[in-house]
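Okay, structure first, notes after.
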Amino acid sequence: MSYDPGTNILFSFRFVYEPPKGNAIEFRLGDFSQVCEMFIPAIGEVDFSLATLLPVSLDFAFNEKCYPDNQPEPIIPKCEEIKIYVAPVGLVDFDFFKPYDWPSGTVDFDLADCLGDDPPEPPPPWYVIPANISQDFAVGFKTGQVADTQKRSRWKDAPYIEPEYRAGWGQGEIVDRLVKSGFIGLPALYRENRVAFDRLLRSENDIFTAWHNLEGNDSNEKRSIWDSTTAKDGKLTAGYREPGAKDNHFVIPWGITTKEIDFSFVVPWAVPPPNDTLHTTKWGRAWYEKICNRDYLPPAGNGVVLDFETQISDVGDKDHIHFWFDSLSYDERCRHAEPSGWRDPFTYRPPVLFPHTPNRKAFTHMNSALLKRVSDNMPLDLRSFEAKIDFDSWVWEFSAALNTESSYAAVEPDENGFQEVEANINGYIFRGLVERAAANEERTSNFTLSGRGPAAELARPYAPQSSYTEEQARGLRQLIEDRLTATGWTLDWQITDFIVPADVVSFHNSTPFEAINQLTEAIGARIQANRETQVLQILPRYPIKPWQWDSETPALALGEAVIMTSSRDWQPGGNYNGVVVSGTGQGVIVKVMRTASGGTEMAPMVTDPLIVTTEAATQRGIYEIAASGSWQPYTITLPLKTEPEQPGLLLPGTLLQINRVRESFRCMVTGVKVSAQRKNGLKVRQIVEVERYRGKPVA
Amino acid sequence: MANLWRKFKRLLPDAPLEVVTVQAINADGTSKCSTYTGGVVIVNGDSVTVGNKAFIQGGQIVREAPDLSYYEIEV
Chain X
914 MSYDPGTNIL
924 FSFRFVYEPP
934 KGNAIEFRLG
944 DFSQVCEMFI
954 PAIGEVDFSL
964 ATLLPVSLDF
974 AFNEKCYPDN
984 QPEPIIPKCE
994 EIKIYVAPVG
1004 LVDFDFFKPY
1014 DWPSGTVDFD
1024 LADCLGDDPP
1034 EPPPPWYVIP
1044 ANISQDFAVG
1054 FKTGQVADTQ
1064 KRSRWKDAPY
1074 IEPEYRAGWG
1084 QGEIVDRLVK
1094 SGFIGLPALY
1104 RENRVAFDRL
1114 LRSENDIFTA
1124 WHNLEGNDSN
1134 EKRSIWDSTT
1144 AKDGKLTAGY
1154 REPGAKDNHF
1164 VIPWGITTKE
1174 IDFSFVVPWA
1184 VPPPNDTLHT
1194 TKWGRAWYEK
1204 ICNRDYLPPA
1214 GNGVVLDFET
1224 QISDVGDKDH
1234 IHFWFDSLSY
1244 DERCRHAEPS
1254 GWRDPFTYRP
1264 PVLFPHTPNR
1274 KAFTHMNSAL
1284 LKRVSDNMPL
1294 DLRSFEAKID
1304 FDSWVWEFSA
1314 ALNTESSYAA
1324 VEPDENGFQE
1334 VEANINGYIF
1344 RGLVERAAAN
1354 EERTSNFTLS
1364 GRGPAAELAR
1374 PYAPQSSYTE
1384 EQARGLRQLI
1394 EDRLTATGWT
1404 LDWQITDFIV
1414 PADVVSFHNS
1424 TPFEAINQLT
1434 EAIGARIQAN
1444 RETQVLQILP
1454 RYPIKPWQWD
1464 SETPALALGE
1474 AVIMTSSRDW
1484 QPGGNYNGVV
1494 VSGTGQGVIV
1504 KVMRTASGGT
1514 EMAPMVTDPL
1524 IVTTEAATQR
1534 GIYEIAASGS
1544 WQPYTITLPL
1554 KTEPEQPGLL
1564 LPGTLLQINR
1574 VRESFRCMVT
1584 GVKVSAQRKN
1594 GLKVRQIVEV
1604 ERYRGKPVA
Chain L
6 MANLWRKFKR
16 LLPDAPLEVV
26 TVQAINADGT
36 SKCSTYTGGV
46 VIVNGDSVTV
56 GNKAFIQGGQ
66 IVREAPDLSY
76 YEIEV
């Protein structure tokens, strides 16, 4: 018959299979004269999965033990015909998981040749042909020539094991299943007959000991120790399983030693006695009407008395007339209540914001200091630079040190006049006229320059002097601007202007600066020339009265982090609270006093021809009172930052807030010096003079 | 860094020009005057008649002063 791959060959035996030896399945292959035996372990199903054997081994022609049936010595002949007797208990399943490429020809599973043509060989005595297997399907491979040595079973290399020597213990008799212990009565092992187990590739299932069938010798001597344990004594219970009853009488220690808590104790402030019964403000519409509304009781004559003596701002809503129709005084609440109830007098004032210097542990700044000649922008080799101005100076003064003679020669004054230079220190421009130059050429040459700002051209020795009397009534600003005619300079006017009568202003041999200074000093103002442009600032000496500094907004708050050095001094003063300021030829006499002081401590009288109006007298008076007080000058070294970083350049007149660890106060800048030094790097500082007002407060 | 000239000038005795009112002329050529600050001084000179204003400086009557308008201002 031809075999159809993909079909399972199911060897089903309905009868109980009794293995010939041990618990194995025996495939007995052989012909009539010889028998080939192969053994397949069979516990459960035996699955011949051809897919796993491909392609080397589908040959069932194992090199089994084949021998003539009647010869005890095994020989290895070629199996001409193979018969397989399968008698398992259960199923032997030949699964072909995929089509199999048979090695050659047709694998003929036709058992008819074996079982049909020739007289069927009687099956072994242990074999019982299942009733459901026909002859055509009698197990047996007649065409034994399919035994291909190239496709050997994986068991082919296993050495044959003589049945006699199969058991390691030699000539053991066939174990009778009835003999429960297979080890009893075994003779001593023969070393030469011992099986080398490590060389075995297949297990000898027919001789293994079926443990599940093994019944051990149950004797007292060989009893497992676990069996010999005695019953546990039920009295040996763990102590902690039944702990003793807790002593309910145990008292917490601190319950004994401390006082018993008195729950009747009352926190004193829990129920405070009312303390405002006599001061309760009763208000609301009902109370308003009860308190503030009265019936009008006309006086004799049934008239209405109108009292217009009281100002309208003192009655009612301060914008309409309130009728006071009797002599009784009204409750204070009524003054604020009309018409809709009590008014909150609080007025929100937004917080005053002003810049603060940053508070950092370290500041990083890239300093720059450049100096050049203005005429042709020739850079000069600058070593150090200083520029300063103060409260009593009107123009910047500068000094510079140069490294090279060529730079020095480029700006050295000569018969053609002086050169103008421009310094750029951290972005702040300082222009100056080189009025003096000094060279000291020794082993180490020093070249120094010094001078003033461009405004120096308005003063001696460069400006012309003139004598002049103003014969017309002119404004003060006009008078000053007249002095600047044709100079190119303009004014930045920041003081109160007033009319100056004719024949009051008179100059004698005065330069423009001297004339302007005469006018400004008369009214307590000062001049400050711009450091870069041709602008003269006319400023009050005290833009804010010093006794009001604490209530004004400063321009900047200096923190501790930016203050490098600080020193302070004390400058005593007269602490006057008033002064009489008078004109001389015409004008006014004004007693200027601090508010609410009454002028109890008057400064010496001040007279000046320019005190021609109260505006002039007031400005001068403020200056005199302020200057007469005690002052505390501070000298503070600060970095000079490029704006908008703070602190920038602090000019005189700037109101500052100084916030230090131990004190905080307001002060005004009265002088500043900018210093740039090239020594181990470029260091730029500004040394600021500030003055803290310590005048006597008004009692 | 304070202006040295200013600091030095403060130390010098000042002789301001002051306006007074002549109250009396003494026989010795001096005049008794009242100041605007509330004091009374006797100065040399008798050129200004009683009741008029006079400029005094350094204890001397300099000249007669105009009678200017008087104001009091609080600052």
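Residue numbers (the numbering used here), protein chains in the order written: chain X, 914 to 1612; chain L, 6 to 80. For each residue, glycine too, the CB sits at the ideal point set by N, CA and C. Keep in mind it's a predicted model, so treat the numbers as computed, not measured.
- Spatial neighbours of Leu1283 (chain X) in its chain, beta-carbon cut-off 6 Å, leaving aside the 5 residues before and after: Taking the first residue of the first sequence as position 1, residue 1283 (chain X) is located at position 370. For Leu1283 (chain X), same chain residues with a beta-carbon under 6 Å away, outside a window of 5 residues either side, are Asn1337 in chain order.
- Message: Determine whether the beta carbon atoms of Asp1405 (chain X) and Asn1443 (chain X) lie at a separation below 9 Å.
- Response: The count along the first sequence starts at 1 and reaches residue 1405 (chain X) at position 492. The count along the first sequence starts at 1 and reaches residue 1443 (chain X) at position 530. Yes, the Cβ-Cβ distance between Asp1405 (chain X) and Asn1443 (chain X) is below 9 Å.
- According to DSSP, what are the bridge partners of Leu38 (chain L)? Here the question's residue 38 (chain L) lines up with position 33 in the second sequence. Note that residue 38 (chain L) is Cys in the sequence shown, not Leu. BP columns for Cys38 (chain L) point to L:Val27 and L:Val46.
- Item | Simplified DSSP state of Ile1613 (chain X), which is helix, strand or coil | Outside the displayed range of chain X (914 to 1612) lies residue 1613 (chain X), so it cannot be described from this structure.
- Item | Simplified DSSP state of Asp1006 (chain X), which is helix, strand or coil | Here the question's residue 1006 (chain X) lines up with position 93 in the first sequence. For Asp1006 (chain X), the pLDDT reaches just 46, beneath the cut-off of 50, and the residue's location in the model is therefore unreliable, leaving the point undetermined.
- Query: Taking Cβ positions, are Gly1330 (chain X) and Arg1344 (chain X) nearer each other than 9 Å?
  - Reply: Position 417 of the first sequence, counting from 1, holds the residue named residue 1330 (chain X). Position 431 of the first sequence, counting from 1, holds the residue named residue 1344 (chain X). The criterion of a C-beta distance shorter than 9 Å is not satisfied by Gly1330 (chain X) and Arg1344 (chain X).
- Exposed or buried, Val1585 (chain X), counting other C-beta atoms within 10 Å across all chains shown (16 or more means buried)? For the purposes of this step, residue 1585 (chain X) is identified with residue 672 of the first sequence, where counting begins at 1. Looking at its Cβ environment, which holds 16 or more other Cβ atoms inside 10 Å, Val1585 (chain X) is buried.
- Task: Could you check what DSSP says for Gln62 (chain L) in three-state terms: helix, strand or coil?
- Result: Numbered from 1 along the second sequence, position 57 holds the residue referred to as residue 62 (chain L). Looking at Gln62 (chain L) - three-state DSSP - the assignment turns out to be strand.
- According to DSSP, is Pro1326 (chain X) helix, strand or coil? Working through the first sequence from its first residue, we reach residue 1326 (chain X) at position 413. Coil at Pro1326 (chain X), not helix or strand.
- Which residues of chain X have a Cβ atom closer than 9 Å to the Cβ of Leu17 (chain L), listed in chain order? In the second sequence, residue 17 (chain L) corresponds to position 12, counting from 1. Within chain X, no residue comes near Leu17 (chain L); the closest Cβ sits about 14 Å away, beyond 9 Å.
- Task: May I ask you to report which of helix, strand or coil DSSP gives Pro1459 (chain X)?
- Result: By one-based count along the first sequence, residue 1459 (chain X) stands at place 546. Secondary structure of Pro1459 (chain X) (DSSP, three-state): helix.
- Task: Compute the Euclidean distance between the alpha carbons of Pro1211 (chain X) and Leu1219 (chain X), then round it to the nearest angstrom.
- Result: Residue 1211 (chain X) sits at position 298 when you count from the first residue of the first sequence. Residue 1219 (chain X) sits at position 306 when you count from the first residue of the first sequence. Computed Cα separation, rounded: 12 Å.
- Message: Does the CB of Ser1510 (chain X) have a neighbour CB from chain L at under 9 Å?
- Response: The sequence position of residue 1510 (chain X) within the first sequence is 597, counting from 1. For Ser1510 (chain X), the answer is yes, since a Cβ of chain L falls inside 9 Å of its Cβ.
- Which partner residues does Gly1269 (chain X) have in the DSSP bridge list? The residue you call residue 1269 (chain X) lines up with position 356 of the first sequence. Looking at the sequence shown, residue 1269 (chain X) is not Gly but His. DSSP, once it has assigned bridges, lists X:Ala1470 as partnering His1269 (chain X).
- Mind listing the chain L neighbours of Ile1535 (chain X)? Cutoff is C-beta to C-beta under 7 Å, in chain order. On the first sequence, residue 1535 (chain X) is found 622 positions in, with the first residue counted as 1. By Cβ distance, chain L contributes Val80.
- Is Ala1369 (chain X) closer than 9 Å to Val1308 (chain X) when the C-beta atoms are compared? Numbered from its first residue, the first sequence carries residue 1308 (chain X) at position 395. Numbered from its first residue, the first sequence carries residue 1369 (chain X) at position 456. A contact, by the Cβ cut-off of 9 Å.
- Contact list for Gly121 (chain L) against chain X, beta-carbon separation under 8 Å: Here chain L covers residues 6 to 80 and nothing more, so residue 121 (chain L) does not appear.
- Query: Helix or strand or just coil, what does DSSP make of Asn1188 (chain X)?
  - Reply: Within the first sequence, numbered from 1, the residue matching residue 1188 (chain X) stands at position 275. The three-state reading of DSSP puts Asn1188 (chain X) in coil, since its state is none of H, G, I, E or B.
- With a cut-off of 8 Å, do at least 3 Cβ pairs link the stretch 1499-1511 of chain X to the stretch 1574-1591 of chain X? no
- Compute the Euclidean distance between the alpha carbons of Ile1600 (chain X) and Leu1564 (chain X), then round it to the nearest angstrom. Locating residue 1600 (chain X) in the first sequence gives position 687, counting from the first residue. Locating residue 1564 (chain X) in the first sequence gives position 651, counting from the first residue. The alpha-carbon separation between Ile1600 (chain X) and Leu1564 (chain X) amounts to approximately 11 Å.
- For Phe1298 (chain X), the first and last residue of its enclosing beta strand (DSSP E): What you label residue 1298 (chain X) is simply residue 385 of the first sequence in a count that begins at 1. Its beta strand (DSSP E) spans residues Leu1295 to Asp1303.
- Task: In the DSSP assignment, find the alpha helix (DSSP H) that holds Glu1537 (chain X) and state where it starts and stops.
- Result: Locating residue 1537 (chain X) in the first sequence gives position 624, where the first residue counts as 1. It spans Thr1527 to Ser1541 - the alpha helix (DSSP H) in which Glu1537 (chain X) sits, taken as one unbroken run.
- Message: Using 9 Å as the threshold, is the C-beta distance between Val27 (chain L) and Phe60 (chain L) below it?
- Response: As a working note, residue 27 (chain L) is residue 22 in the second sequence. As a working note, residue 60 (chain L) is residue 55 in the second sequence. Cβ distance not < 9 Å, so Val27 (chain L) and Phe60 (chain L) don't count as in contact.
- Query: Going by beta carbon distance, what residues of the same chain come within less than 6 Å of Ser1541 (chain X), once the five residues before and after it are set aside?
  - Reply: On the first sequence, position 628 is the one that residue 1541 (chain X) refers to. Taken in chain order, the residues that qualify are Gly1486, Gly1487, Tyr1489 and Ala1516.
- So what does DSSP say about Glu1348 (chain X), is it helix, strand or coil? Along the first sequence, read from residue 1 onward, the residue named residue 1348 (chain X) stands at position 435. Here Glu1348 (chain X) sits in strand by DSSP.
- Query: Where does the unbroken beta strand (DSSP E) through Glu77 (chain L) begin, and where does it stop?
  - Reply: By one-based count along the second sequence, residue 77 (chain L) stands at place 72. Run containing Glu77 (chain L): Ser74 to Glu79, per the beta strand (DSSP E) assignment.
- Message: In whole angstroms, give me the CA-to-CA distance for Val1324 (chain X) and Ser1495 (chain X).
- Response: Residue numbering aside, residue 1324 (chain X) sits at position 411 when the first sequence is read from its first letter. Residue numbering aside, residue 1495 (chain X) sits at position 582 when the first sequence is read from its first letter. Roughly 49 Å separates the two Cα atoms.
- Pull up the DSSP beta-bridge partners for Tyr1341 (chain X), would you. Numbered from 1 along the first sequence, position 428 holds the residue referred to as residue 1341 (chain X). DSSP output for Tyr1341 (chain X) lists X:Ile1338 as bridge partner(s).
- Check whether the stretch 1547-1559 of chain X touches the stretch 1522-1536 of chain X, counting contact only when three or more Cβ pairs, one atom from each stretch, lie closer than 8 Å. The stretch 1547-1559 of chain X is not in contact with the stretch 1522-1536 of chain X.
- Rounded to whole angstroms, what's the CA-CA distance from Tyr76 (chain L) to Leu22 (chain L)? Just pull it up for me. Within the second sequence, the letter at position 71 stands for residue 76 (chain L). Within the second sequence, the letter at position 17 stands for residue 22 (chain L). The alpha-carbon atoms of Tyr76 (chain L) and Leu22 (chain L) are separated by roughly 19 Å.
- Provide the residue span of the alpha helix (DSSP H) that contains Asp1395 (chain X), from first to last. For the purposes of this step, residue 1395 (chain X) is identified with residue 482 of the first sequence, where counting begins at 1. Here the alpha helix (DSSP H) through Asp1395 (chain X) covers Leu1389 to Arg1396.
- Message: With a threshold of 9 Å between beta-carbons, can Ile1549 (chain X) be considered close to chain L, or not?
- Response: Position 636 of the first sequence, counted from the start, is the residue given in the question as residue 1549 (chain X). Answer no: the Cβ-Cβ gap between Ile1549 (chain X) and chain L never drops below 9 Å.
- Message: So, does the stretch 1410-1421 of chain X touch the stretch 1450-1468 of chain X, judging by three or more C-beta pairs under 8 Å?
- Response: no
- Within the 9 Å Cβ cut-off, does Thr1567 (chain X) reach chain L? Locating residue 1567 (chain X) in the first sequence gives position 654, where the first residue counts as 1. It does not: the Cβ of Thr1567 (chain X) has no partner Cβ on chain L nearer than 9 Å.
- Tyr1341 (chain X): which of X:Val1611, X:Ala1589 and X:Ala1352 sits nearest, CA to CA? Counting from 1 along the first sequence, the entry for residue 1341 (chain X) is found at position 428. Of the listed residues, the one whose Cα sits closest to Tyr1341 (chain X) is X:Ala1589.
- At least one CB of chain X closer than 9 Å to the CB of Glu77 (chain L): is that the case? On the second sequence, position 72 is the one that residue 77 (chain L) refers to. Interface residue, yes.
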